[in-house]
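Colleague: Below you'll find the structure I mean.
Residue numbers (the working numbering): 356 to 787.
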């Protein structure tokens, strides 16, 4: 199947996923309140971090390792399933302390329910990796479309049955996840299914690769979510609800392009890891294209947000649009770091990504904790926007020294176009 057709299906799947998630958040905002959004933000933070322990980079290791035996594949399957069970147990342990930290019992109850999802994710992890590595992106996109539509439908249905909005979303996640894993297994070729003929010798190199990636991603997630953790604790769940609603909308388009990076760019550039010239050419070409695509999606999102705000009214979230307009630069520049990080992973140099996230997490933490002393949500938002621009420039320089070279032309084009678009968006909101 042609790369173009696969790209169209992946983009279509990502588009439906993004729109579904967009609608789900508006359902929760419309039928709920800022505090419900704050509770959801805390739950999402915990889920995103625990998820990294569940996967531990084994899917990417499977894709990175070009030649792998059936017995080694079986070992990765069982390791992923064990990690899924461990992640579920971790959720059970964390639920009460987190609810105590935020003085909100509902957080603990909801985290206990969501723990079951990690067992499902552990079962499906290597199946998804097979779909990506073998180029079955169309089949995976079709499965994802079905799952996301079911997620939206179930969320709406549970809300209509008077289920609390956040709980309705959690129930829908479990149903959609079970369907997704089930269909992936049913559509998988026979040789993808694990058997008990296992070669455990792959475990140590796989976990070594994965531990660097997991550590890197855990640090990255903590860095990314630290602003919400601090706001939730210092300013309360209601303030967090408005801020997280704006930030979640800002990050939705990233979910459109992320599958293209993971399912097309990563397997493609991994095959070029031994040819430096082709590797660099492919990297810069893809980065430029994905950045322009990402910008187009953000233009459409911004126009849509303005229309919704004008005609539907969002009076109970009056601070949403100003914060959204400030934070949008985060989403505009986010793909740069994602692509460069994937490029060094393709070469097996996961320790560089770990070092990168460690350094930037320190910078981000100092910035966030300093700005938190001001206690103003708008100052916080401006600081996050400036920090993103700084980290993007730093990423280009850092990863360039680690084997993922971004040319001056590509860097200047991506930054200039996105900063001009950001300036126009900010001007439109504040002046017009």
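All C-beta atoms in this analysis are idealised placements derived from N, C-alpha and C, irrespective of residue type, glycine included.
Can you name, in chain order, every residue of its own chain whose Cβ lies under 8 angstroms from the Cβ of residue 370, other than the five neighbours on each side?
Modeller: Taken in chain order, the residues that qualify are 611.
Colleague: What are the boundary residues of the alpha helix (DSSP H) that residue 496 is part of?
Modeller: 492-515 is the span of the alpha helix (DSSP H), which, as asked, contains residue 496.
Colleague: Using CA coordinates, which residue listed in 740, 513, 743 is at the minimum distance from residue 524?
Modeller: When each option's Cα is compared against that of residue 524, the closest is 513.
Colleague: When the distance is taken between beta carbons, is residue 639 closer than 9 angstroms to residue 509?
Modeller: Going by C-beta atoms, residue 509 is not nearer than 9 angstroms to residue 639.
Colleague: Please say whether residue 464 and residue 450 have beta carbons closer to each other than 9 angstroms?
Modeller: Their beta carbons are under 9 angstroms apart, which means residue 450 touches residue 464 by this criterion.
Colleague: Residues in its own chain within less than 6 angstroms of residue 614 by CB, not counting five upstream and five downstream?
Modeller: Closer than 6 angstroms at the Cβ level, and outside the excluded window around residue 614, lie 365, 369.
Colleague: Distance check for residue 443 and residue 429, CA to CA, integer angstroms please.
Modeller: Approximately 22 angstroms, taken between the alpha carbons.
Colleague: Can you have a look at residue 605 and say buried or exposed, based on whether 16 or more other CB atoms are within 10 angstroms of its CB?
Modeller: Classification of residue 605: buried, given that the 10 Å Cβ count is 16 or more.
Colleague: Quick one, are the C-beta atoms of residue 646 and residue 521 less than 9 angstroms apart?
Modeller: Result no, Cβ atoms of residue 646 and residue 521 do not sit closer than 9 angstroms.
Colleague: Apart from the five residues just before and just after residue 432, which ones in its own chain have a Cβ nearer than 6 angstroms to its Cβ?
Modeller: Within the same chain, residue 432 has close Cβ partners 481, 549.
Colleague: Please report the distance separating the alpha-carbon of residue 467 from that of residue 457.
Modeller: Rounded to whole angstroms, residue 467 to residue 457 spans 16 angstroms at the Cα level.
Colleague: If we ignore side chains and look at the alpha-carbon of each, how far apart do residue 494 and residue 543 end up?
Modeller: Whole-angstrom Cα-Cα distance: 10 angstroms.
Colleague: Taking the straight line between their C-alpha atoms, what separation do you get for residue 497 and residue 559?
Modeller: Answer to the nearest angstrom: the Cα atoms are 34 angstroms apart.
Colleague: State buried or exposed for residue 460, treating a residue as buried only when at least 16 other CB atoms are found within 10 Å of its CB.
Modeller: When all chains shown are included, residue 460 counts as exposed.
Colleague: Along the chain, which unbroken stretches of the beta strand (DSSP E) at least 3 residues long are found entirely within the region 442-479?
Modeller: Segments of the beta strand (DSSP E) lying fully in the region 442-479: there are none.
Colleague: According to DSSP, is residue 440 helix, strand or coil?
Modeller: Residue 440 falls in the helix class under three-state DSSP.
Colleague: Counting only the same chain and skipping the five closest in sequence on each side, list residues whose C-beta sits under 6 angstroms from that of residue 389.
Modeller: Correct list, in chain order: 593, 596, 597.
Colleague: For chain C, check one thing: does any of its Cβ atoms lie closer than 9 angstroms to the Cβ of residue 471?
Modeller: In the structure shown, chain C cannot be found, because there is only a single protein chain.
Colleague: Mind checking which residues open and close the alpha helix (DSSP H) that includes residue 706?
Modeller: Segment 705-727, the alpha helix (DSSP H) holding residue 706.
Colleague: Could you give the uninterrupted runs of the alpha helix (DSSP H) lying entirely in the region 590-616, keeping only those of 4 residues or more?
Modeller: Here the runs fully enclosed are 592-606, 609-615.
Colleague: Look at the Cβ atom of residue 338, then the Cβ atom of residue 502, and state whether they are nearer than 9 angstroms.
Modeller: The structure shown has nothing for residue 338, since the chain only spans 356 to 787.
Colleague: Between the C-alpha atoms of residue 562 and residue 439, what's the straight-line distance to the nearest angstrom?
Modeller: Each residue's alpha carbon lies about 14 angstroms from the other.
Colleague: Would residue 505 pass as a contact of residue 530 if the rule is Cβ separation under 9 angstroms?
Modeller: Yes, the Cβ-Cβ distance between residue 505 and residue 530 is below 9 angstroms.
Colleague: Comparing C-alpha positions only, which one of 695, 453, 385, 763 sits nearest to residue 754?
Modeller: When only C-alpha atoms are compared, the closest one is 695.
Colleague: Between residue 578 and residue 719, which are expected to be in contact by the criterion C-beta below 8 angstroms, what is the C-beta distance as a whole number of angstroms?
Modeller: Confirmed, Cβ separation roughly 5 angstroms.
Colleague: Rounded to whole angstroms, what's the CA-CA distance from residue 749 to residue 742? Just pull it up for me.
Modeller: Taking the straight line from one Cα to the other gives about 10 angstroms.
Colleague: To the nearest angstrom, how far is it from the Cα of residue 583 to the Cα of residue 551?
Modeller: Approximately 44 angstroms between the Cα atoms of the pair.
Colleague: Grouping DSSP H, G and I as helix and E and B as strand, with all else coil, what is residue 387?
Modeller: Coil at residue 387, not helix or strand.
Colleague: Among 652, 682, 534, 462, which residue has its Cα nearest to the Cα of residue 475?
Modeller: Ranking 652, 682, 534, 462 by Cα distance to residue 475 puts 534 first.
Colleague: Provide the residue span of the alpha helix (DSSP H) that contains residue 747, from first to last.
Modeller: Run containing residue 747: 732-755, per the alpha helix (DSSP H) assignment.
Colleague: Could you pull out every residue in the same chain whose Cβ sits closer than 8 angstroms to the Cβ of residue 471, ignoring the five residues on either side in sequence?
Modeller: Closer than 8 angstroms at Cβ, skipping near neighbours: 443, 529.
Colleague: Counting C-beta neighbours from all protein chains within 10 Å, is the total for residue 689 16 or more, i.e. buried, or is it exposed?
Modeller: Residue 689 is buried by the Cβ-count criterion.
Colleague: Could you check what DSSP says for residue 518 in three-state terms: helix, strand or coil?
Modeller: Coil at residue 518, not helix or strand.
Colleague: In whole angstroms, give me the CA-to-CA distance for residue 736 and residue 573.
Modeller: Rounded to the nearest angstrom, the two C-alpha atoms are 23 angstroms apart.
Colleague: Residue 367 and residue 500: beta carbons closer than 9 angstroms?
Modeller: In this structure, residue 500 lies closer than 9 angstroms to residue 367 by Cβ.
Colleague: Thinking residue 702 and residue 651 are a contact (beta carbons under 8 angstroms), I'd like their distance in whole angstroms, please.
Modeller: Their Cβ separation, rounded to whole angstroms, is 30 angstroms, which puts residue 702 and residue 651 out of contact at 8 angstroms.
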